[in-house]
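Below: one structure, written as structure tokens.
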Ligand SMILES: Cc1ncc(COP(=O)(O)O)c(C=O)c1O
Ligand code: FES
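Protein chains in written order, with my numbering: chain A, 2 to 148; chain F, 84 to 464.
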């Protein structure tokens, strides 16, 4: 089977798929798929996009104020899967401060672009990470107030 | 490449292409011109019209050539609504029509018409009792599709024709998805108006017809010259008409045989999918369907992701209707059948056609099994 080659510069609009090679690679072979165990989990985020019904769950394990482990699961479109995977590679090993600053633009840049109508998909992972970071804060506060 | 999206469109039949090229090269005159070149084009047009009429069993004067199935549906709905405005303002259709009908009904509603969209049962068959009860003496049109484009489920158009005839209400059948898939004779259908579109049966895109049976009230929506018996103005796309005629002739010739072949292939495909992928459902499987269509729900995974997974394996399928691609809203047809939003989002349509062989389906079963298993490992629901 022959396919037109796509480059980062030519994301293949038109006759073939509207996605970059990097995006397709993350879709076919997503990084950090799975769940973290209860003990490992320091923060958990669950977000959905009500407009398209897509959903994402994300777990983080933190040590020394760094994201040591990250895992995700997603019910979603190719854009949601690929951007979530890309996001986990951006967040892995980062300090919490750095992780908080990751934006959808960073994710899209890593993937070499995304079709316009798929831009919103890249928010899913970013929002899930923010939710997990917030969840961690709350867990810490709860611990602190517990006798 | 394996193409399993024949309900979206079909490749041009080589004989159709040949007929069209001849027409474009040699019969390029304007059929309305008063000279020999025009005469020649007019003769070609008359012959094509006669062949269309013969293929489906109507009079040549009843064939109104249009630019698309969408236009044929628009002409039927708007044309009858305008012609019968004085008699009443009520239109009855179903909740699962193609957007060409549903969105036209929305527009007519804005113009002051009242529209009833009759629901369907879980198999996707229109509720006949509800349809019958919705009819009033204000009802001026019933419009029901013959086969649904997403599920292939056939609607009881014979019974509806009966109801319509009893009350002398014009009846429009959108047969865009049946022509070429089932033996198709207009007298059996007993509808006043029938839409067909060439690109669904190996003809060109942009060539379609509304059959308007003698005595059906209709006002044109495109006004201008006196083309198409005054029912649709505009210099004819003669090559398109010729392509439509040829494609239709070929389609009705082998509809029975090809239908049997596709039914066997489709049923085997479904049986194998059901046995290799857990928890899947075939939508409308208990209903009568056209032979080529299979609509499958894969709970827990997103349809767009399945489509891309298959595409990467060289297999082209789609979700519901081609026109909804890019729309986040999942299929209105499946939702009307009671499928949950999430399951509707996890559904794809496989539509077989002339080029489909057993080996293609073997590969498809394998690719689908792999893709769905992979996506289910990723899924969060
Ligand atoms: C049932 C039905 N009606 C109408 C149409 C519109 O036909 P066309 O694509 O020729 O405008 C389609 C095609 O998608 C269809 O499936
Ligand atoms: S369409 Fe919803 S995340 Fe992509």
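Backbone N, C-alpha and C define an ideal beta-carbon position, used for all residues, glycine too.
is_contact[residue 462 of chain F, chain A] using C-beta, thresh 8 Å | yes
Buried versus exposed, by CB contacts within 10 Å (16 or more), residue 101 of chain F | exposed
Taking Cβ-Cβ distances below 7 Å as the criterion, which residues of the segment 58 to 89 of chain A are in contact with chain F?
-> 58, 74, 75, 76, 77, 78, 79 and 82
Report yes or no: is there a C-beta of chain F within less than 8 Å of the C-beta of residue 126 of chain A?
-> no
Residue 224 of chain F and residue 293 of chain F: beta carbons closer than 8 Å?
-> no
Whose Cβ in chain F lies nearer than 9 Å to the Cβ of residue 25 of chain A?
-> 391 and 395
Going by beta carbon distance, what residues of the same chain come within less than 6 Å of residue 155 of chain F, once the five residues before and after it are set aside?
-> 149, 278, 291 and 293
How long is the line joining the alpha carbons of residue 282 of chain F and residue 92 of chain F, rounded to whole angstroms?
-> 6 Å
Classify residue 1 of chain A as helix, strand or coil using the three-state DSSP reduction.
-> The structure shown does not extend to residue 1 of chain A, since chain A is modelled only from 2 through 148, so no value can be given for it.
Indicate, with yes or no, if ligand 4 has a heavy atom lying under 7 Å from the CB of residue 280 of chain F.
-> Absence of ligand 4 from the depicted structure is noted, with ligand 1 and ligand 2 being the only ligands included.
Going by beta carbon distance, what residues of the same chain come within less than 8 Å of residue 184 of chain F, once the five residues before and after it are set aside?
-> 156, 160, 176, 226, 228 and 257
Where residue 383 of chain F meets chain A, residues with beta-carbon distance less than 8 Å = 76
At least 3 beta-carbon pairs within less than 8 Å: the segment 111 to 124 of chain A vs the segment 82 to 95 of chain A | yes
Ends of the alpha helix (DSSP H) at residue 458 of chain F?
-> 441 to 461
Straight-line gap, residue 405 of chain F to residue 144 of chain A (C-alpha atoms, nearest Å) | Note that residue 405 of chain F scores 47 on pLDDT, short of 50, meaning its location in the model is unreliable; the coordinates nonetheless yield the value given after this. If you take the alpha carbons of residue 405 of chain F and residue 144 of chain A, they lie about 53 Å apart.
Can you tell me where the alpha helix (DSSP H) with residue 105 of chain F in it begins and where it stops?
-> 97 to 109
Measure the alpha-carbon distance for residue 408 of chain F versus residue 402 of chain F and round it to whole angstroms.
-> Annotation note: pLDDT 48 at residue 408 of chain F (below 50); position unreliable, no value reported.
DSSP state of residue 427 of chain F mapped onto helix, strand, coil | helix
Quick one: is residue 441 of chain F near chain A, going by C-beta distance under 8 Å?
-> no
Same chain, Cβ closer than 7 Å to residue 242 of chain F, neighbours up to 5 away in sequence not counted = 211
Residue 29 of chain A touches chain F at which residues, Cβ-Cβ below 7 Å?
-> 395
So which of F:429, F:231, F:379 and F:322 has the shortest CA-CA distance to residue 98 of chain F?
-> F:322
Any heavy atom of ligand 1 closer than 7 Å to the Cβ of residue 317 of chain F?
-> no
Opening and closing residue of the alpha helix (DSSP H) in which residue 247 of chain F lies | 240 to 249
Figure out for me which residue from F:464, F:192, F:139 and F:416 has the closest Cα to the Cα of residue 261 of chain F.
-> F:139
How about residue 238 of chain F: is its Cβ closer than 7 Å to a heavy atom in ligand 1?
-> no
If you drop the 5 nearest sequence neighbours on each side, which residues of the same chain put their C-beta closer than 6 Å to that of residue 65 of chain A?
-> none
Does DSSP classify residue 229 of chain F as helix, strand or coil?
-> coil
Minimum Cβ-Cβ distance from residue 48 of chain A to chain F less than 8 Å = no
Residue 129 of chain F versus F:146, F:117 and F:118, residue with shortest Cα-Cα distance | F:146
What separation, rounded to the nearest whole angstrom, lies between the Cα atoms of residue 325 of chain F and residue 209 of chain F?
-> 35 Å
Go ahead and pull the three-state DSSP assignment for residue 131 of chain F.
-> helix
Tell me whether residue 408 of chain F sits in a helix, a strand or coil according to DSSP, three-state version.
-> In this predicted model, residue 408 of chain F has a pLDDT of only 48, less than 50, meaning its place in the structure is not dependable enough to derive any value.
So, is residue 60 of chain A buried or exposed, given that buried needs 16 or more other C-beta atoms within 10 angstroms?
-> buried
Can you tell me whether DSSP reads residue 74 of chain A as helix, strand or coil?
-> strand
Does DSSP classify residue 316 of chain F as helix, strand or coil?
-> coil
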